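The listed protein sequences correspond, in order, to chains A and B.
Note that the working numbering has the first sequence beginning at 6, numbered continuously upward.
Note that the working numbering has the second sequence beginning at 10, numbered continuously upward.
Ideal Cβ placement from N, Cα and C applies to all residues, glycine included.
This structure is a prediction, so every number in the text was calculated from the model and none was measured.
Below: one structure, written as structure tokens.
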Amino acid sequence: MTDTVDANLRALLAGVLGLGEDRAAALTADSGLFGELPEFDSMAVATVLTEMEDRLGILIDDDEVEGEIFETYGNLLDFAERKVRG
Amino acid sequence: MDEQLFRLSPAGPPRATVLFIPPLFEEANRVRRTLVLAMRALVAEEFAALLPDLPGQNESLVPLVEANLERWRSALADVARGVDGPLIVASLRGGCLIDHDAEAAAWWRLAPANGASLLRTLLRARVSADREAGIASSIEGLREAAKTGALLLAGNRLSPAMIAQLGDAEARAVEPLRTVTLGKNEDKIAGTPLWLRAEPGEDAAMARAIADDIIGWSRSCGVI
């Protein structure tokens with residue numbers, strides 16, 4: 006399950022941010038996202054949230070979306086895994 | 010008001026015409042170059058290809074706030090009526106929500122989006138931009154405000170009617186229909202979701218695959 010979420014999330018970021026498979030595969034838990042990657046603007050944040058819902062089959066309440074979720078890849082993955090576990 | 014209609018035609022009479030219905034809002038800009046490449050590939054196979062501007066989109070002089078999905082469906086039906094010979098409607102993403110009033114010999118859809126998801130992304134982008142500007146807003150608050158007044162969402166000024174229609178919109182049943190998504194197996198188009206991409210790009214291989222798939226579907230339906 007965890008591997009699937011990780012793979013889904015990397016594919017999603019590769020698509021939305023145009024990272025390509027290599028850069029997406031090279032993301033580590035400490036890789037910075039919002040503020041680090043110039044492609045990651047507020048529209049990209051919105052797109053990522055909606056795509057996470059569609060691809061992971063989860064519902065995200067926007068009140069629970071804090072800024073730190075998008076600070077690093079590790080934070081985003083933790084959030085996604087928590088949501089998938091329910 | 011007449012809208013711009015980008016048309017590519019072969020030298021001789023076309024075997025059929027493909028009417029492309031682009032994704033909605035910003036997503037249309039992100040795939041336009043690849044769509045035009047697909048249109049050129051179709052013309053090389055003796056098809057004509059059309060890419061209309063929806064009222065309020067692209068080069069249209071109509072203010073977007075005057076547009077809604079019903080108006081777009083009817084504008085596309087008008088474009089379809091103006092085509093001589095067999096017509097295939099090829100729609101992408103949110104374009105699949107407005108393709109069913111056009112009369113066609115066959116429909117082809119790529120990665121259909123539902124209206125609620127498109128709207129949620131636009132609302133989220135507004136909340137996120139508000140937050141950066143130090144303004145507190147919420148998706149629920151914006152939904153409430155949209156019942157009585159237009160909203161500016163990610164650069165798009167949308168009327169209450171547009172927002173209400175978008176929130177409920179799903180692709181309708183049409184016949185004969187082929188729906189493809191992105192991926193590597195059968196009934197998939199290899200490529201990346203350019204319509205989601207923060208920076209516009211183009212994908213020539215994906216354009217070729219789109220054209221090939223539409224041609225194959227036209228043949229299966231007996232259109233060519």
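_beta strand (DSSP E) runs contained entirely in the segment 166-218 of chain B, provided each spans 3 or more residues_ = 186-191
*Thinking C-alpha only, which one of B/42, B/25, B/17 and B/62 is nearest residue 11 of chain B?*
Against the second sequence, residue 11 of chain B aligns to sequence position 2. Nearest C-alpha to residue 11 of chain B: B/62.
*Buried or exposed: residue 124 of chain B, going by 16 or more other Cβ atoms within 10 Å of its Cβ?*
Residue 124 of chain B sits at position 115 when you count from the first residue of the second sequence. By the neighbour-count rule (16 or more Cβ atoms within 10 Å), residue 124 of chain B is buried.
*Are the Cβ atoms of residue 174 of chain B and residue 77 of chain B separated by less than 8 Å?*
What you label residue 174 of chain B is simply residue 165 of the second sequence in a count that begins at 1. What you label residue 77 of chain B is simply residue 68 of the second sequence in a count that begins at 1. The answer is yes: Cβ separation under 8 Å.
*Check the C-beta distance from residue 50 of chain A over to residue 137 of chain B and give it rounded, since I have them as a contact under 8 Å.*
Residue 50 of chain A sits at position 45 when you count from the first residue of the first sequence. Residue 137 of chain B sits at position 128 when you count from the first residue of the second sequence. About 5 Å; that satisfies the 8 Å criterion.
*Kindly indicate which residue of B/154, B/155, B/72 and B/44 has the alpha-carbon position closest to the one of residue 104 of chain B.*
Start at 1 with the first residue of the second sequence, and residue 104 of chain B comes out as number 95. Answer by Cα proximity: B/44.
*Using a beta-carbon distance below 8 Å, is residue 14 of chain A in contact with chain B?*
Residue 14 of chain A sits at position 9 when you count from the first residue of the first sequence. False, the Cβ-Cβ gap to chain B never drops below 8 Å.
_For a cutoff of 8 Å on Cβ pairs, would you count residue 210 of chain B as touching chain A?_
The count along the second sequence starts at 1 and reaches residue 210 of chain B at position 201. Yes, residue 210 of chain B lies at the interface with chain A (some Cβ there is under 8 Å from its Cβ).
_Supposed close pair residue 159 of chain B, residue 167 of chain B - CB separation, criterion 8 Å_ = By one-based count along the second sequence, residue 159 of chain B stands at place 150. By one-based count along the second sequence, residue 167 of chain B stands at place 158. About 6 Å separates the two Cβ atoms, so the contact holds.
*Taking only beta-carbon atoms, is residue 130 of chain B less than 8 Å away from chain A?*
As a position in the second sequence, residue 130 of chain B is number 121, starting the count at 1. By this cut-off, residue 130 of chain B is an interface position.
*Check distances from the C-beta atoms of the segment 21-46 of chain A to those of chain B and list, in chain order, the residues that come in under 7 Å.*
21, 22, 23, 44 and 46
*Is the number of C-beta pairs between the segment 66-83 of chain A and the segment 23-41 of chain B that are closer than 8 Å three or more?*
no
*asked:* Counting only beta-carbon separations shorter than 8 Å, does residue 53 of chain B have a partner in chain A?
replied: For this step, residue 53 of chain B is matched to residue 44 along the second sequence. Closer than 8 Å: no.
*Determine the burial state of residue 52 of chain A: buried for a count of at least 16 other Cβ atoms within 10 Å of its Cβ, exposed for fewer.*
Looking up residue 52 of chain A in the first sequence gives position 47. Per the 10 Å Cβ criterion, buried.
*CB-CB under 8 Å to residue 205 of chain B, same chain, minus the five flanking residues each way: which ones, in chain order?*
Residue mapping note: residue 205 of chain B aligns to position 196 of the second sequence, counting from 1. These residues qualify, in order along the chain: 36 and 39.
*asked:* Taking CB distances under 8 Å as the criterion, tell me whether residue 49 of chain A reaches chain B.
replied: If you number the first sequence from 1, residue 49 of chain A lands on position 44. Chain B, which has a Cβ nearer than 8 Å to the Cβ of residue 49 of chain A, makes this yes.
*Taking all protein chains shown into account, decide if residue 64 of chain A is buried (16 or more other Cβ within 10 angstroms of its Cβ) or exposed.*
Within the first sequence, numbered from 1, the residue matching residue 64 of chain A stands at position 59. Classification for residue 64 of chain A: exposed.
*In chain order, what residues of the same chain have a beta carbon less than 7 Å from the beta carbon of residue 32 of chain B, not counting five sequence neighbours either side?*
Numbered from its first residue, the second sequence carries residue 32 of chain B at position 23. Closer than 7 Å at the Cβ level, and outside the excluded window around residue 32 of chain B, lie 40, 101, 102, 103, 104 and 204.
*Name the chain B residues whose beta carbon is nearer than 7 Å to that of residue 83 of chain A?*
As a working note, residue 83 of chain A is residue 78 in the first sequence. Simply none; closest approach about 20 Å.
*Helix, strand or coil for residue 2 of chain A per DSSP?*
Look at the range of chain A in this structure, 6 to 91, and you will see that residue 2 of chain A is not part of it.
_So with CB distances below 8 Å, who are the chain A contacts of residue 126 of chain B?_
In the second sequence, residue 126 of chain B corresponds to position 117, counting from 1. What residue 126 of chain B touches in chain A: 55, 58 and 59.
*asked:* Under 8 Å, with one C-beta from each stretch per pair, do the segment 180-194 of chain B and the segment 108-122 of chain B reach the 3-pair mark?
replied: yes
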